[in-house]
Structures are given as structure tokens and as C-alpha cells.
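Reading through the C-alpha cells given below for one structure.
Numbering (the numbering used here), first residue to last: 2 to 874.
Encoded structure:
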């Protein structure tokens with residue numbers, strides 16, 4: 002976990018204690034406002050701008066100091082909301098974090114005390130204390146129960162009392178037994194007793210009223226926002242009842258409204274575990290929207306219900322990063338070695354899971370498998386992974402894939418393929434009936450049949466039609482009449498989605514037809530909701546951050562998302578502050594905008610919104626840019642490159658820097674080339690921004706070992722910078738340093754040393770001895786000494802650089818880690834093997850944690866370690 006503290010000069014610091022012993026800490030319990038400090042505010046040093054949030058933070062820090070605690074924890078700024086893996090772990094770890102806190106301070110923003118004198122009089126605060134909204138919220142329940150020491154404070158920070166002195170009053174307010182408030186073991190209470198403690202509490206998201214009980218009930222299960230309270234409670238009950246059964250993960254509860262597909266269900270169930278040699282593989286294939294995932298879910302729940310000894314695990318195979326997260330959840334569920342280690346090698350963790358699968362009977366559902374090779378979703382690397390590496394090889398196991406790609410189905414499951422088409426009329430009618438909020442009248446059934454025919458009996462279209470009828474209050478007749486009005490519009494769409502060649506020729510795309518009607522209805526109710534949908538069409542369809550939706554207020558944005566959810570057009574991700582759009586809805590939205598001639602306009606708007614939230618290239622923003630990169634790349638790749646489009650140019654430049662920082666050099670090069678050529682045309686060959694873009698492209702060439710191309714660009718940048726800026730301008734010095742590195746990589750030591758010495762001395766004079774650029778030039782000069790066998794000179798400089806960077810930047814800054822690796826090289830060159838190995842081991846661990854396993858620098862450290870260890874054996 003991360004902890005906050007102020008240093009001796011009053012600067013707020015965030016320290017990462019993952020993999021270390023956590024010191025004693027205080028923890029804050031509070032209700033969120035719109036002015037909370039986030040983790041990026043601390044890294045950007047803008048935390049004081051949020052006055053209300055900063056007052057709470059100062060209050061917590063001051064109380065902790067009075068209790069002789071240096072460190073404190075606040076949820077809003079100690080959890081990286083952009084890191085999905087971290088946030089998922091945090092939800093299941095929260096109870097333990099509160100329990101382990103030395104002090105818990107409850108900040109009651111709605112409780113005031115008229116006097117400033119402490120101790121305050123009970124009559125001054127009792128009424129507002131008992132009426133405080135803090136006692137009505139779901140998540141504050143565990144914040145009251147878990148910590149040993151809980152103290153309550155007014156909105157001005159005046160101490161009211163603690164859990165011990167106020168136990169009778171809290172008991173009367175909450176009906177929680179006194180024994181529970183006095184920190185007795187929760188095992189003394191039955192599950193139903195503990196569940197009743199949350200009976201009158203409320204949460205913003207309906208599922209949270211269930212999730213907030215996980216720690217109190219001692220249960221760990223994945224969250225699935227959007228499933229609804231009933232579904233979440235059903236899954237929780239299954240976890241409680243199945244504690245003695247085989248461990249399983251099904252993030253979605255059984256669909257009580259599932260209808261049809263009986264023959265396919267029989268076929269799938271009959272083929273499970275049928276191989277006598279190895280894993281049985283099956284595939285469900287069909288066009289988008291035909292209900293593949295729902296069929297797989299029904300198979301999973303039936304298997305778990307009928308075979309208590311069989312583990313069932315649901316895996317999101319839409320991309321490599323999603324599958325990694327699924328395996329991380331499985332590792333936690335099975336207590337696989339290393340599951341709780343944030344620095345664990347993910348590939349090793351997966352191998353251990355696969356071995357565990359092979360030793361037990363289990364069913365794996367790989368949902369949304371479009372290819373036999375998985376690409377990254379954009380969070381770390383574009384490197385592909387062979388799906389076979391994720392599968393067990395045991396006759397005890399069965400794997401079911403869902404896919405729209407028939408070639409993928411054939412490759413993965415050979416003859417065990419179940420193909421889905423449109424529903425029959427009877428099944429489609431049953432589906433519509435169970436989806437509608439009121440029963441169909443006898444007189445409406447014929448109208449409903451006509452409607453279903455118009456929708457081509459496609460499950461997704463039926464679901465959206467029912468959602469629109471429910472949300473708008475229309476009758477089925479009214480809906481069908483309105484749908485007919487949109488058919489003319491749909492026939493204008495150019496081309497037909499290749500995967501959606503359905504039987505009814507009168508509607509080329511039923512998803513587009515139902516979507517068009519829903520959008521018209523939504524536009525009348527909430528224009529911002531419709532606009533949010535159009536923006537979503539112009540970015541990647543998964544994990545769309547709510548930060549991209551710029552509303553007049555948080556409530557206005559929430560209202561818009563709720564409307565889209567009611568119409569079944571988005572899937573909410575409250576924990577990630579994001580949403581998803583179904584692939585076919587995304588395609589239909591883009592087609593609609595294209596026909597209306599508004600696609601370019603909305604893509605430009607998406608680029609402006611992305612530019613507003615896309616961070617700079619500082620490594621502390623890595624989690625944020627990794628989540629935003631897929632959206633930025635999507636928008637850029639679908640927008641025309643126009644010279645006067647300043648926003649597009651800026652976003653492309655930021656993306657290129659992020660890709661470069663993540664070691665994704667080929668993708669970075671493509672964007673950098675675009676940026677450089679545009680700047681040359683718009684600004685001029687000698688404009689400082691153009692020179693910067695040229696230097697960035699040269700750095701990418703350099704990292705790919707393309708020395709000649711790098712040198713040519715660097716020489717051009719250096720000479721132009723000297724002429725246009727000055728010999729001692731920081732940009733000129735940087736260009737000289739870059740050129741020196743290229744000389745260095747070509748073994749031209751004398752030329753490199755001459756330039757590096759000039760740069761270092763000038764930077765010391767112009768910038769300072771401890772400026773990051775000065776330290777870089779010192780490190781470069783040390784590398785030149787090392788390659789000439791001048792070990793002592795190199796070691797002296799490298800040690801100085803490393804210690805200064807630790808102090809000025811941080812222990813985990815990428816530049817500090819580079820200096821650690823350099824020093825390790827120098828030590829190893831002097832046959833000081835133990836020192837070199839220890840330092841490189843530490844460097845590798847930190848690089849894996851900060852940069853990720855696939856980053857070239859991390860891989861370089863790992864390769865060096867392996868090589869050195871082999872030499873020592």
C-alpha cells in the first residue's frame with residue numbers, strides 16, 4: 002500500500018510500501034466530495050488547489066502527528082484510480098487496511114460544534130451526530146467495524162469522542178451490537194446478523210451495498226459493476242454457500258431471464274470433459290449480438306450447480322491485458338504462490354495457475370476470443386501472446402471459447418464447434434416478454450411478432466428494444482411504428498456489416514435501427530447523454546474514462562450515464578470510473594455519424610477531450626496514459642491529418658512520448674514522423690518545436706540501434722540549435738549530449754568524451770550541479786570512461802549520480818534505476834560480482850514494478866542478471 006507524509010520542508014510525499022514492511026499509520030474515513038485530492042494531484046504537486054480536499058488531508062496529517070504517527074492513508078489519493086489491477090485488489094483489501102491502522106479518524110463533514118473549546122459538550126453535537134449521513138453509507142460500515150481505534154471529529158476537526166466512549170450512542174444510531182463495536186471477533190456473529198448491519202445503509206452504486214460486506218463476511222470475490230444488487234447478492238450467497246465446494250470465479254450471476262438455445266446447451270454439456278487424453282476444447286461461434294456469452298454463462302452455472310467438485314473460472318480473453326487480470330483474480334482465489342506480490346512475474350503466475358488447473362477438475366470459459374494470438378489492450382506492450390500458453394493440458398479440464406471468428410473457432414476447437422444464428426420466433430418472443438417490465442397483453446402479441454421479425458430475431462436488438470420500451474414508456478405498437486420510421490434512414494447506410502448478414506433484407510442492420518430510435522428518444526430526454534454516446538463512438542469502445550465526458554457537473558454526468566444504462570447502450574464500470582460500449586453498438590454509432598456527415602466533427606471533439614486529460618510523459622503518470630493510449634490512438638488513426646489541426650498534433654506528440662517511455666518504439670516512430678513532418682510544413686525546419694520533434698525521432702532511432710539515422714538527425718538538430726538558439730541553450734546542450742551518445746554506441750570514445758565533457762561543464766555552470774540534465778551528462782561521461790576501462794573514474798561519477806538522483810528524483814525514478822544499472826555494470830567489469838549482482842537484482846525488481854516486465858529496460862536487467870549468474874556458476 003502507499004502512505005502519505007509531509008517531509009521536513011512541508012512537501013507532501015507518497016511512499017510505496019509494496020514489498021516492504023508497512024510502518025504504523027493513521028487512516029481517514031470520510032464522505033467524498035467533488036474536491037478530493039487524487040494521486041495525480043500529488044505527483045503534479047497541484048494538491049493545494051483543491052481547498053476542501055486539502056483541508057481534510059491537513060487535518061488527518063495533524064491528528065496523526067499528535068498521535069506520533071508519521072504516515073497516514075486516504076483512499077482518494079493513495080489508490081491509483083487509473084490502474085485497474087491495483088484498484089481491484091484494493092476493494093478486496095480495504096477491510097484489512099482499516100483493521101491494521103493504528104488510528105482511524107472519522108471526519109464528519111455534516112456535524113458542527115458551536116464552541117471551539119474541547120472537550121465539546123454532548124448537547125452541542127449529539128443531534129447532528131446521530132443524523133450524520135456517515136452512518137447511512139454502505140462503505141463506512143467496515144470503516145466503523147474493522148479498526149480497533151476509531152475517533153470522531155466535527156467538520157472543523159474538533160474531537161467528539163471515540164468508538165469506545167460513544168458505543169451506546171452508536172449502538173442506538175446503527176443497531177450494531179455493542180460487542181461488535183467493542184472489537185470482538187466477527188466470527189461470534191452469524192452471516193445473517195452481519196448482513197443486517199447494512200440493512201438501512203445506502204450506496205451510490207446499487208452493487209456496492211453487497212460489495213461493502215465482503216470484508217465483514219470474510220469473502221473475496223471479483224466485482225462486476227452493472228450486474229445490479231440482486232445479481233451481486235446472488236453471487237455473494239453462492240460464495241458463502243460454496244465455501245466448502247471447489248473454488249470458482251463467475252463475475253456474472255446466472256441470468257434468470259435466459260431463454261432458448263436448449264439444443265446447443267445439451268450439445269455443449271454432453272461434450273464437456275469428453276477427451277480421454279487431454280483438455281476438451283469447445284467453441285461457441287456466431288455473429289455479434291447472438292448471445293454467445295450468455296450461452297457460455299448458462300453452461301458455467303449449470304456445471305457448477307451439477308458438479309460441486311468442479312471449479313469454474315470465467316476469463317476475459319478480449320486482449321492480453323484483460324486475460325492477465327483474469328489470471329491475477331484466479332491466482333488470488335487459489336492462493337497461488339506469489340498472488341499477493343505486486344512484483345510477481347505475471348507469466349510465472351499464469352504457469353502456476355495452469356499447473357493448478359491440471360491437478361483439479363475445472364471448466365474455463367474464455368470469453369470474446371477473436372484470435373488465437375492475443376495482443377495487448379494498450380496498457381503495457383503490443384507484444385503478442387500465444388493463447389496456448391494460457392491453457393492447461395489435462396483430461397480433467399474443459400475449455401469453452403466464445404468468438405465471432407469461425408477460423409479462430411476451428412483452430413481452437415476443431416470439430417467441437419457450436420454455431421449460433423438468429424433466434425426462432427417463439428424463443429425471441431419469450432426473450433422479449435422476460436425483458437419487458439410488464440407482461441404483454443394478448444392483443445399485443447401479434448404486434449410483438451411483427452417487431453421481432455423487423456429485428457431479425459437478434460438477441461442484442463431484442464434486448465435494446467425492450468430496454469427502450471421500458472425506459473420511454475412506449476407501447477410495443479408505438480415502438481414498432483417508430484422503428485419503421487428509422488428503417489429508411491438505415492437503408493442509407495453504405496454497406497452491410499459482414500458479420501451481420503441476417504435473413505430479413507428489409508433491415509440491413511437491426512442494431513443500427515434500434516439504436517437510431519433509442520438515440521432520438523434519449524436526445525429528447527437528455528442531450529448530454531446522446532453527446533456522450535457520440536464521443537464514445539470516436540474512441541476505443543472499452544474502458545472509456547468518465548473524465549472524457551466533460552459535463553456541467555458531476556451529477557449531470559451521472560444522470561446522463563444512468564440514462565444510457567437504462568437504454569442498455571453502455572456497460573458501467575463504476576470502480577474504474579469508466580464504461581464500455583458493445584462492439585456492434587459502437588460500429589452502428591460510427592456508421593450513423595458518418596452518414597450524417599458528423600464523424601469528423603465528433604472525432605475532433607474526442608481529440609480535444611483526450612488532450613484535456615492526457616498527461617505529460619512523466620513516469621508518475623504511467624498508469625493514466627496507459628489507460629488513455631488506446632483511446633488516443635483510436636481517435637488519431639480515424640482522423641484526417643490536417644496541417645492546421647493543432648489539437649491533433651499536440652495529442653499525437655503526447656502519445657508518441659508515452660509510447661517511447663513505454664519502450665514501444667515502432668509505434669512511437671510512426672507518430673513522431675507524422676509530428677515532425679507536420680511541424681516542418683506548418684512552423685519551419687528551424688522552429689524550436691520542430692527541432693524537438695526531430696530530436697525525439699532521433700532518440701527512437703537510437704533506441705532501435707539505428708545509429709546512422711540517429712546521428713544524421715542529431716547533427717542537424719545540434720547545428721541548427723547552435724545557430725538559432727545559442728551554444729549554451731539547454732536544448733542545444735541536449736542535442737550535443739544526444740549526439741555524443743550516438744558516438745559512444747559506435748565506439749567513437751574520443752569524440753564522445755570531448756562532447757560529453759563540454760556538455761557537463763556547461764550544464765554545471767548554466768543549470769546547477771544537481772540539475773537532472775547535469776546528472777545525465779555526468780552519467781554519460783561515466784559510461785564513456787567505463788568503456789575505455791577507466792573503472793575508478795567511472796565508478797566515482799556513477800555513485801555520485803545515483804545518490805544524487807535518489808535524493809533529487811526518488812529511489813524509483815527511471816533515471817535513478819538507469820544509474821543503478823550503470824554502476825552495476827562498472828562493478829561487474831571490476832570482477833566485484835556479488836556487489837554487481839545485488840545491485841542489478843534490486844534494479845530489475847524496481848524496473849519490473851515501475852516500468853513493467855515487458856519494458857526493454859526491464860528485459861535488459863533480466864538478461865544481464867541471467868548472464869552474470871551463469872558466469873558465476
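Quick reminder that beta carbons are idealized off the backbone N, C-alpha and C, glycines included. Note that this is a predicted model, so its numbers are computed, not measured.
In the DSSP assignment, residue 713 falls within the unbroken alpha helix (DSSP H) covering 708–725. Contact between the region 217–234 and the region 102–118 is absent, with fewer than three C-beta pairs closer than 8 Å. Its chain contains 752 and 753 as the residues whose beta carbon lies nearer than 6 Å to that of residue 744, once the 5 sequence neighbours on both sides are disregarded; these appear in chain order.
Short of 6 Å from the beta carbon of residue 54, and not among the five residues preceding or following it, lie these beta carbons of its own chain, in chain order: 36, 37 and 38. Per DSSP, residue 560 is one residue of the alpha helix (DSSP H) stretching across 555–567.
Taking 8 Å as the cut-off, the Cβ atoms of residue 800 and residue 782 do not count as close.
In this structure, the beta-carbon distance from residue 554 to residue 579 does not fall below 8 Å. By the neighbour-count criterion, in which 16 or more other beta carbons inside 10 Å mark a residue as buried, residue 144 falls on the buried side. Between residue 108 and residue 182, the beta carbon gap of about 19 Å keeps them out of contact (Cβ cut-off 8 Å).
DSSP, read as helix, strand or coil, puts residue 105 in strand.
According to the DSSP assignment, residue 152 belongs to the beta strand (DSSP E) that extends over 151–154. Look at residue 311 here: in three-state DSSP terms it is coil, with no helix or strand label. Note: residue 162 is bridge-paired with 153 in the DSSP secondary-structure output. Residue 805 and residue 612 have their C-alpha atoms roughly 34 Å apart. Only buried fits residue 164, as 16 or more other CB atoms lie within 10 angstroms of its CB. Nearest neighbour of residue 675 by Cα position, chosen from 372, 304 and 652, turns out to be 652. Counting only runs of at least 4 residues, the region 561–638 fully encloses the following alpha helix (DSSP H) elements, listed from N- to C-terminal order: 584–596, 600–614 and 623–638. Within the DSSP secondary-structure output, residue 74 pairs in a beta bridge with 28. Following the DSSP letters along the chain, one finds residue 728 in no beta strand (DSSP E), marked with neither H nor E.
Judged by DSSP in its simplified three-state form, residue 772 adopts coil rather than helix or strand.
It is roughly 14 Å from the alpha-carbon of residue 19 to the alpha-carbon of residue 843.
Going by beta carbons, residue 315 and residue 368 fall inside the 8 Å limit.
When 420, 219 and 203 are compared, the shortest CA-CA separation from residue 285 is found for 420. In terms of CA proximity to residue 290, 424 leads the group 387, 424 and 328. Within a 10 Å sphere around the beta-carbon of residue 790 sit fewer than 16 other beta-carbons, which makes this residue exposed. Here the alpha carbons of residue 224 and residue 216 stand approximately 13 Å from one another. Counting along the chain, residue 355 sits inside no beta strand (DSSP E); it lies in the alpha helix (DSSP H) bounded by residues 347–359.
Judged by their CB atoms, residue 737 and residue 717 are not nearer to each other than the 8 Å cut-off. In this structure, residue 465 lies near residue 515, with their beta-carbon atoms less than 8 Å apart. Under DSSP, residue 779 forms no beta bridge with any residue. Beta-bridge annotation (DSSP): residue 6 is paired with 14. Residue range 398–404 is occupied by the beta strand (DSSP E) that includes residue 401. The residues 715, in chain order, have a CB closer than 6 Å to that of residue 739 in the same chain once the five nearest residues on each side in sequence are set aside.
Under the three-state reduction of DSSP, residue 760 is assigned to helix. Residue 640 sits in coil when the DSSP states are folded into three classes, being neither helix nor strand. When secondary structure is reduced to three states using DSSP, residue 844 falls in the helix class.
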